[in-house]
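Numbering (the numbering used here), first residue to last: -4 to 501.
What follows is the structure, encoded as structure tokens:
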């Protein structure tokens, strides 16, 4: 990328080419998706951003319920001793935990302000949940007694806190919103089927069909596996700066948490057994993924299925008479669109120019814009513009509603196709260490590098230390049939069963 500052002339947003990081930060703020808060590392999700999250929630929640899950809610505060019960789990999260030590404040006797009351110190510290496995498994131990209590399929929508040092709106914040599913099963095979159901029928489907983001499905290497899990499945998305975002994970926990919390059941053969578990989650990081996969120098590009406003109608008129006419026509079109299930907004602001409104709604990612001027009504045709391609066509007034409805699926597919073409163009296979080092030598991301690895954690760590490249996943479905063929590790020359995907990641 060049060092010169390239600015979009109409909006003042730093271009992607000039500084991708600044472009992202400015877009999130200028598109009214989120804002910084007074608490370091935390964010305020603004109404436009939260509307996007609500649409994501609604779609995912429907998928979870279709696959047999129900929602519940568990406490925000977790006793420290709970985290200590599963050693690998506590090691994975200890450095990110926020700790509650007192339950009361009092006036500072030495001066102004408040201090924790020494007499209100907790006997046991409480951890603000970084994830809920421990508090949930403590509860499941009470709920599960017999095989008749299984499977237990519960999801919760919640917030969590992980004390991140380097934060970025949506992508990595100290507090974020998410869903976390926690399930209990009688057998290893049932838990494995559950983990794969969430991966395939929920996360992969949502990313591809709703977010219009092509993702890789795979299993994590041992170094990248969730602390306390037997193994972790994931979906990984490529961003426009050729880095990768882990967009969702589904963990097979084996019996680790059941043994830590004594979660047992009497099986049909009247023997006492430990349950098998899964956990899985996606977060508001999906909003950052969507932005980085699709948006441009004009602002947010949002797939219609998740756009808070799918069609904006901009009526025009310089006097009350023409405004009354264009406003009326716009309201009539909006009513018909709403009847078709389209989320529509009529922008009746009188102090703003049409050009300002066009830029305003482009920045916020509205997929379709309809312009309604007096001359347009006289001609019997209205200009209809697509946000994704910038294409503008003239459409007969009577056909505007049907055109907008059909554009929803057309734009959704076009956005996906563009992202898939970008991923394909930025996927590369390398066979030597020299090629691999060259691919990761720059500051930016190299895209997806598909290469052989000998399967050891030691080699994986050496590669990461030398190049900052991590194994994003071992694909469940190869990007190319040849990737399934055995070869030799790019670093050690030892045998490799098949290629894996390396990248620089957020």
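Yeah, the Cβ is synthetic: ideal placement off N, Cα and C, and Gly gets one too.
Contact check, residue i vs residue j, beta carbons under 8 Å
i	j	result
residue 148	residue 65	yes
residue 325	residue 367	yes
residue 146	residue 180	yes
residue 471	residue 193	no
residue 23	residue 172	no
residue 256	residue 136	yes
residue 426	residue 489	no
residue 79	residue 157	no
residue 249	residue 225	yes
residue 48	residue 422	no
residue 50	residue 402	no
residue 297	residue 360	yes
residue 435	residue 464	yes
residue 306	residue 285	no
residue 177	residue 127	yes
residue 466	residue 497	yes
residue 346	residue 309	no
residue 304	residue 338	yes
residue 395	residue 365	yes
residue 120	residue 53	no
residue 198	residue 277	yes
residue 150	residue 59	yes
residue 207	residue 420	no
residue 25	residue 18	no
residue 356	residue 258	no
residue 162	residue 7	no
residue 390	residue 377	yes
residue 28	residue 282	yes
residue 312	residue 369	yes
Limits of the beta strand (DSSP E) - the one that residue i falls within
i	result
residue 309	306 to 310
residue 340	339 to 341
residue 444	443 to 447
residue 271	271 to 278
residue 263	Premise fails: residue 263 is in no beta strand (DSSP E) and is neither H nor E.
residue 109	109 to 111
residue 101	100 to 102
residue 97	93 to 97
Distance between beta carbons of residue j and residue i, contact taken as under 8 Å
i	j	result
residue 93	residue 123	4 Å
residue 111	residue 100	6 Å
residue 205	residue 245	With 8 Å as the limit, residue 205 and residue 245 do not qualify as a contact, their Cβ atoms being about 17 Å apart.
residue 87	residue 237	Going by Cβ atoms, the distance from residue 87 to residue 237 rounds to 28 Å, so no, they are not a contact pair.
residue 287	residue 241	Wrong, their Cβ atoms sit about 13 Å apart, outside the cutoff.
residue 201	residue 55	6 Å
residue 57	residue 41	Actually they do not touch by this definition, with Cβ atoms about 25 Å apart.
residue 260	residue 268	6 Å
residue 289	residue 457	No, residue 289 and residue 457 are not in contact; Cβ-Cβ is about 35 Å, not under 8 Å.
residue 446	residue 494	6 Å
For residue i, the residue or residues it bridges with in DSSP
i	result
residue 73	122
residue 245	228 and 275
residue 516	The shown model of the chain, from -4 to 501, leaves out residue 516, and the question about it has no answer.
residue 465	498
residue 152	174
residue 240	232
residue 391	376
residue 65	149
residue 483	490
residue 470	213
residue 294	291
residue 116	97
residue 141	261
Where the alpha helix (DSSP H) containing residue i begins and where it ends
i	result
residue 130	128 to 138
residue 422	Unbroken run through residue 422 is the beta strand (DSSP E), 422 to 424; no alpha helix (DSSP H).
residue 88	82 to 88
residue 255	251 to 256
residue 433	428 to 434
Residue ranges of each beta strand (DSSP E) run of no fewer than 3 residues wholly in the segment 16 to 52, ordered along the chain? 29 to 31 and 38 to 40
Give the list of continuous alpha helix (DSSP H) stretches no shorter than 4 residues that lie fully inside the segment 306 to 387. 315 to 334, 349 to 358 and 369 to 374
Quick one: complete beta strand (DSSP E) runs, 3+ long, within the segment 157 to 214? 170 to 180 and 210 to 214
Completely contained beta strand (DSSP E) runs for the segment 395 to 424, where each covers 3 or more residues: 422 to 424
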